[in-house]
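Chemist: Structure provided below as structure tokens; questions to follow.
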Amino acid sequence: MAYHLSIFVANEPGKLEKITRVLAEAGLNIRAISVASAGEFGVVRILVNDPEKGFEALKKRSFTVTKRRILVALIDDSPGAMHEFLVKLTSASVNVEDCYGFVIEEGKRAAIVFEVEKFPEAERALAKTDIRLVSDREIFRL
1348 MAYHLSIFVA NEPGKLEKIT RVLAEAGLNI RAISVASAGE FGVVRILVND PEKGFEALKK
1408 RSFTVTKRRI LVALIDDSPG AMHEFLVKLT SASVNVEDCY GFVIEEGKRA AIVFEVEKFP
1468 EAERALAKTD IRLVSDREIF RL
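Numbering (the working numbering), first residue to last: 1348 to 1489.
As structure tokens, then:
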């Protein structure tokens, strides 16, 4: 199973830099990042090449961090591709709880990192399409 890290932080200057410093000092490579602010606090989601090592490094430095299971899907980098991806999940009654993405090859491929409650249902729904789920090993090399 693949994971990303969710870190709860105060919304103030330097907090994000402190997180990235801990990860850099641990020798971890950040593959993707998402920051969501909600007033005085926010949640940073980071996909690193070794989530367990990142989790331990941040925990050791007193960050409020959790490991959250994820799936990563490869979709076309084209108009409507994200919508089609979501249609497939919705038709299987799968709710996307968290999501962010990044382009791998402009005009060709994008990666969508997502959390769902119903992982087996999401995997089955996408297995019937041309949308490819990335293996755990591949995720950290994107």
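Note that the Cβ used here is the ideal one computed from N, Cα and C, for glycine as well.
Using 8 Å for Cβ pairs, my map puts Ile1417 next to Ala1349. What's the rounded Cβ distance?
Modeler: 5 Å
Chemist: Using DSSP bridges, identify the partner residues of Gly1361.
Modeler: Gly1361 pairs with nothing; no bridge assigned.
Chemist: Could you pull out every residue in the same chain whose Cβ sits closer than 7 Å to the Cβ of His1351, ignoring the five residues on either side in sequence?
Modeler: Arg1392, Ile1393, Leu1394, Pro1398, Arg1415, Ile1417, Val1460
Chemist: Are Val1327 and Ser1353 closer than 8 Å when you measure CB to CB?
Modeler: Only positions 1348 to 1489 of the chain appear in the structure, and residue 1327 is not among them; the question remains open.
Chemist: Just to confirm the assignment, what range does the beta strand (DSSP E) spanning Lys1503 have?
Modeler: Absent from the structure is residue 1503, since the part of the chain shown begins at 1348 and ends at 1489.
Chemist: What first and last residue would you give for the beta strand (DSSP E) that runs through Ala1457?
Modeler: 1456-1463
Chemist: From the DSSP secondary-structure annotation, give me the bridge partner or partners of Gly1389.
Modeler: Val1356, Ser1384
Chemist: Any idea what DSSP makes of Leu1436, helix, strand or coil?
Modeler: helix
Chemist: Quick one: give me the first and last residue of the beta strand (DSSP E) that Ile1478 is part of.
Modeler: First-last for Ile1478: undefined, no H or E at that position.
Chemist: From the DSSP output, which residues share a beta bridge with Gly1448?
Modeler: Ile1459
Chemist: Whose CA, out of Lys1365, Ser1425, Leu1363, lies closest to the CA of Glu1452?
Modeler: Ser1425
Chemist: Residues in the same chain with beta-carbon distance under 8 Å from Thr1411, minus the five sequence neighbours each way, listed in chain order, please.
Modeler: Ile1354, Phe1355, Val1356
Chemist: Taking the Cβ atom as the reference point for each residue, do Ala1458 and Phe1466 lie within a distance shorter than 8 Å?
Modeler: no
Chemist: Which word fits Gly1401, buried or exposed, when buried means at least 16 other C-beta atoms lie within 10 angstroms of its C-beta?
Modeler: buried
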